[in-house]
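Contents: one structure, followed by commentary.
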């Protein structure tokens with residue numbers, strides 16, 4: 004009887020501890036990050052393609068922007084955390100100018116698609132991407148399909164490379180990719196871009212390991228989004244969005260299992276990630292990984308600055 008009482012008390016303490024972690028550690032928005040807030044000011048959007056739509060397997064209408072062409076090279080672009088399809092416009096134009104057919108996706112939970120900052124289950128973004136590829140139809144003879152992602156989108160591309168949908172693509176391009184919150188490439192607090200509710204994540208992870216997916220719609224990370232942009236950008240991610248929009252926990256295994264070539268580019272002056280840490284961390288796992296550090300470029304500059312978009316286009320469209 005005494006043992007039963009101890010077990011019951013322990014269970015109640017555990018439940019109370021988890022409940023406290025989940026309930027009382029919501030993420031607070033960081034101060035606006037100026038380098039991100041002003042990053043798109045030099046981009047011309049007058050030639051931004053209209054939004055197109057496709058239907059995902061759950062019936063949700065998702066969106067993208069198409070930069071059409073007759074090329075044998077198709078590049079699918081995935082924006083970064085909190086981002087939009089339009090944020091990839093400068094890079095998409097550069098790739099299109101080099102002859103590629105380009106599609107810039109608006110990932111579910113962003114850009115007025117689905118519920119802001121949330122998804123239904125971990126893996127739904129993977130399924131959405133596969134549904135988009137299916138909507139493109141069969142490959143043309145000789146067609147190459149490139150998957151390119153920026154920041155969290157780069158981490159997501161690594162996730163795809165290491166998973167079952169990796170076979171859909173011939174090349175993976177990681178631009179200043181997010182690997183994991185505790186990766187040696189990440190600056191503390193994401194350099195000021197993020198504020199993570201660590202306690203809430205711990206509590207939800209404990210429930211997750213028990214097969215309990217309660218409260219996974221709660222926000223666990225806040226981004227340094229300017230107040231006037233909160234209707235355009237996504238200021239928070241839920242637990243399941245955070246788990247899905249990036250690599251698997253073992254991001255090194257994702258890299259090792261990638262079925263085709265992987266290239267990585269980052270800006271020398273990246274204020275969110277430590278650009279110099281990518282090569283020593285990843286090259287031992289994947290000796291054929293090509294890492295390019297672009298001089299004088301910060302994080303957002305990798306998708307807007309001409310020197311950076313040129314470097315990305317060269318790396319993305321190279322054969323092999």
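Residue numbers (the numbering used here): 4 to 323. Ideal Cβ positions, reconstructed from N, Cα and C, are used throughout, including at glycine.
(message) Please report the straight-line C-alpha distance between residue 318 and residue 234, rounded to a whole angstrom.
(response) Locating residue 318 in the chain shown gives position 315, where the first residue counts as 1. Locating residue 234 in the chain shown gives position 231, where the first residue counts as 1. Distance between the alpha carbons of residue 318 and residue 234 is about 34 angstroms.
(request) Mind the definition here: the stretch 238 to 248 touches the stretch 258 to 277 only if three or more C-beta pairs lie below 8 angstroms; say whether that holds. (result) Three or more beta-carbon pairs separated by less than 8 angstroms are not found between the stretch 238 to 248 and the stretch 258 to 277, which leaves the two stretches without contact.
(request) Would you mind stating whether residue 175 and residue 82 have Cβ atoms separated by less than 8 angstroms? (result) Locating residue 175 in the chain shown gives position 172, counting from the first residue. Locating residue 82 in the chain shown gives position 79, counting from the first residue. Contact: no.
(message) Which same chain residues end up closer than 7 angstroms to residue 97 when comparing Cβ atoms and leaving out the 5 residues on each side of it in sequence?
(response) Reading the chain shown from its first residue, position 94 is the one you call residue 97. Excluding sequence neighbours, residue 97 sits near 312, 313 and 316.
(message) Less than 8 angstroms between the beta carbons of residue 243 and residue 122, yes or no?
(response) As a first step, residue 243 must be located in the chain shown, where it is residue number 240. As a first step, residue 122 must be located in the chain shown, where it is residue number 119. Cβ atoms of residue 243 and residue 122: closer than 8 angstroms.
(request) Return the CA-CA distance between residue 286 and residue 253, expressed in angstroms with no decimal places. (result) Numbered from its first residue, the chain shown carries residue 286 at position 283. Numbered from its first residue, the chain shown carries residue 253 at position 250. Looking at the two C-alpha atoms, the distance is approximately 15 angstroms.
(message) Taking a contact to mean a Cβ-Cβ separation below 8 angstroms, would you say residue 155 touches residue 181 in this structure?
(response) Position 152 of the chain shown, counting from 1, holds the residue named residue 155. Position 178 of the chain shown, counting from 1, holds the residue named residue 181. Result yes, Cβ atoms of residue 155 and residue 181 sit closer than 8 angstroms.
(message) Here's the rule I'm using: 16 or more other beta-carbon atoms within 10 Å means buried, otherwise exposed. How should residue 161 be labelled?
(response) Within the chain shown, numbered from 1, the residue matching residue 161 stands at position 158. With 16 or more other Cβ atoms within 10 Å, it is buried.
(message) Please give the ranges of any alpha helix (DSSP H) in the stretch 121 to 163, keeping only runs that are unbroken, at least 4 residues long and fully inside the region.
(response) 127 to 139
(message) With distance defined between alpha-carbon atoms, name the residue in 65, 74 and 141 nearest to residue 109.
(response) Within the chain shown, residue 109 is the residue found at index 106, counting from 1. Closest by alpha carbon: 65.
(message) Can you tell me whether residue 73 is helix, strand or coil according to DSSP?
(response) Locating residue 73 in the chain shown gives position 70, where the first residue counts as 1. Correct three-state label for residue 73: coil.
(request) Note the first and the last residue of the continuous alpha helix (DSSP H) segment covering residue 263. (result) Taking the chain shown and counting its residues from 1, one reaches residue 263 at position 260. Element bounds for residue 263: n/a, residue is neither H nor E.
(request) Out of 119, 217, 264 and 74, state which residue places its alpha-carbon closest to the alpha-carbon of residue 84. (result) Numbered from its first residue, the chain shown carries residue 84 at position 81. For the residues 119, 217, 264 and 74, the minimum Cα distance to residue 84 belongs to 119.
(request) Please work out which residues of its chain come closer than 7 angstroms, Cβ to Cβ, to residue 288, disregarding the five sequence neighbours upstream and downstream, and give them in chain order. (result) Sequence index remark: in the chain shown, residue 288 carries index 285 (1-based). Hits under 7 angstroms: 255, 258 and 259.
(message) Considering just the uninterrupted stretch of the alpha helix (DSSP H) at residue 283, what are its terminal residues?
(response) Here the question's residue 283 lines up with position 280 in the chain shown. Unbroken alpha helix (DSSP H) run through residue 283: 281 to 285.
(request) Go to residue 326, then tell me how far its beta strand (DSSP E) extends in each direction, as first and last residue. (result) Since the first and last residues shown for the chain are 4 and 323, residue 326 lies out of range.
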